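One structure is given here, and the rest of the page talks about it.
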Amino acid sequence: MIKIIEGTILPHKDAFCEDVVVVYFQGNASSLPPRLPYLSNVLKALAREDGGKNYTIVALSYRGYWTSKGRPSQVGIELDAAAALEWVGDRYDYHRTKVVVWGQSIGAGIATVSLANLLRRSKGNLQQFRGLILETPFVDLKAVLVALYPQKFLPYRYLAPFLRSTWDCRSALVSIGESKPNVKVLILEAGNDEIVPPGQAETLEEACTQQKLQVDRKTIAGALHTEMMAKFQGRSHIVRFLQSL
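Here is the structure:
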């Protein structure tokens, strides 16, 4: 694959192979470098098991993360995510490319909201966007706050209206279903998630089902919130999902 000066992506030598491009949105902790070995392991597994496709991962570093300048906010990160998705949509031939959006933790909210916004703006015409991976997702930040502090005598649950970021995953899934109902969704929940409360993934699965989105929910036994990719089972589910597109 060759990128020429104006940014056009020229076909690589395997021009007749199908391209699968994964746009990855990280969670809020740390930056991209610690995640790269896990992403690399997914690509290596795909290369071993599926030589008929070309797999590429495009990983975004939000403003304020790693070497990106600025301060993170929901509005700013939505702009960053939109730019990344539009870049991929513009530079890969939709006739032979399938694009998958993958988000982890808060990144799952970013991925879902950003894909919903993009499909809504394009009126569902972006044919290459075919899959969505939600790794340890939540319904929205308000739901997490209430679930973590259910006691009415504690003040935290009443702070939900004042959250600066919400990342409403459920509403975004409804929007995706209305715009492009043929998007496949994989939901991965950690069996021992110490951050996302139980039931969040199931609620998102129900939202997908109601919108007639093809959805598969998997629970990785024994995994903590950030251990999904460290577990062979978690990586295997992602590899099989990408191969199935």
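The numbering of the sequence shown is the numbering used here, which starts it at -19 and goes up by one.
Ideal placement from N, C-alpha and C gives every residue a C-beta, glycine not left out.
All figures in this text were calculated on a predicted structure; none of them were measured in a lab.
Bounds of the beta strand (DSSP E) holding valine 1 are -2 to 5. By the Cβ neighbour-count rule, glycine 111 is buried, with 16 or more other Cβ atoms within 10 Å of its own. Taking all protein chains in view, the Cβ of proline 117 is crowded by 16 or more other Cβ atoms within 10 Å, so the residue is classified as buried. In this structure, the straight-line span from the alpha carbon of arginine 76 to that of alanine 63 is close to 22 Å. Here lysine 78 is bridged, per DSSP, to Val0. Aspartate 73 counts as exposed, since fewer than 16 other C-beta atoms from the protein chains shown sit within 10 angstroms of its C-beta. Between the alpha carbons of lysine 49 and glycine 56 lies a gap of roughly 11 Å.
Judged by DSSP secondary structure, isoleucine 218 falls outside any beta strand (DSSP E) and instead within the alpha helix (DSSP H) spanning 212 to 224.
Rounded to whole angstroms, leucine 99 and tyrosine 45 show a C-alpha spacing of 26 Å. Annotated as proximal: glycine 87 and glutamate 115, with beta-carbon spacing under 9 Å. Residue pairing for glutamate 182: DSSP places it in no beta bridge. In the DSSP secondary-structure assignment, phenylalanine 109 is bridged to Val79. Counting the other CB atoms within 10 Å of its CB gives threonine 206 a total of 16 or more, which places it among the buried residues.
Beta-bridge pairing by DSSP links tyrosine 35 to Val0.
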